[in-house]
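K.L.:
Take this structure first; my questions come after.
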Amino acid sequence: MPLKVNLRLLERTPQKLVGELPVVEFAADFHDEVVRFAEPLRYDLEVTRQGPDVLVQGTLSIMLECSCARCLSSFQTRLDINDFSAFVPLAGEEAIPKDGDFADLTPLVREDTFLALPTKPLCRPECRGLPVKAPARDSRLGATPSEVASTSPWAALEKLKL
Ligand SMILES: [Zn+2]
0 MPLKVNLRLL ERTPQKLVGE LPVVEFAADF HDEVVRFAEP LRYDLEVTRQ
50 GPDVLVQGTL SIMLECSCAR CLSSFQTRLD INDFSAFVPL AGEEAIPKDG
100 DFADLTPLVR EDTFLALPTK PLCRPECRGL PVKAPARDSR LGATPSEVAS
150 TSPWAALEKL KL
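Here it is as structure tokens:
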């Protein structure tokens, strides 16, 4: 079910919208290296008509599957937006998308949810990252002196003499 509010009912009384929005409904084209939506978005919203505008207020919550920015381990964390608030006109360029008697609130919750996503998620605040490994051998300096000697023309000459 898309997240829609009945505008006819809204004219008479504020509308309460509580439910879950499947990830495909609001983030089908979302791709990120470090964050993925693990469950549907839970919403608990009150929609009020204010003259030519609509006020949407409430809470949003969704479980995220993250990849730690320091140690790359995968972990889950819940994103809670407790003070979601959007004020949108019903007409004009900035108008909320409408389908008959219904206005689609999906773009509103989508925008705020995306903006609230962590850009550098950490599995725990004190994560120190991957264990320190021995420095990788630089391939340009990889050959040891003995290897150089064995492949040099002089080494070949030495072998001929023997
Ligand atoms: Zn970590």
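Under numbering that gives the first Met the number 0, the first residue of the sequence shown carries the number 0, and numbering increases by one thereafter.
In this text, a Cβ means the ideal position worked out from N, Cα and C, and glycines have one as well.
Check this for me: beta carbons of Pro-13 and Val-46, under 8 Å apart or not?
P.N.:
In this structure, Val-46 lies closer than 8 Å to Pro-13 by Cβ.
K.L.:
Considering only residues of the region 65-146, which uninterrupted alpha helix (DSSP H) runs meet the minimum length of 4 residues and lie entirely inside it, listed in chain order?
P.N.:
Within the region 65-146, the complete alpha helix (DSSP H) runs of at least 4 residues are 105-114.
K.L.:
According to DSSP, is Phe-29 helix, strand or coil?
P.N.:
coil
K.L.:
What is the residue span of the alpha helix (DSSP H) that Glu-10 lies within?
P.N.:
6-11
K.L.:
Let me check understanding here. Comparing Cα to Cα, which of Asp-28, Asn-5, Glu-24 lies closest to Arg-41?
P.N.:
Glu-24
K.L.:
Is it buried or exposed, Val-55, if we count other Cβ atoms within 10 angstroms and call 16 or more buried?
P.N.:
buried
K.L.:
Identify, in the order they occur along the chain, each residue of the same chain with its Cβ nearer than 8 Å to the Cβ of Lys-97, setting aside the five sequence neighbours on each side.
P.N.:
Leu-6, Leu-89, Asp-103
K.L.:
By the 10 Å Cβ neighbour count, where 16 or more other Cβ atoms means buried, how is Phe-83 classified, buried or exposed?
P.N.:
When all chains shown are included, Phe-83 counts as buried.
K.L.:
Return the chain-ordered list of same chain residues with a C-beta closer than 8 Å to the C-beta of Val-17, the five sequence neighbours on each side being excluded.
P.N.:
Tyr-42, Asp-43, Leu-44
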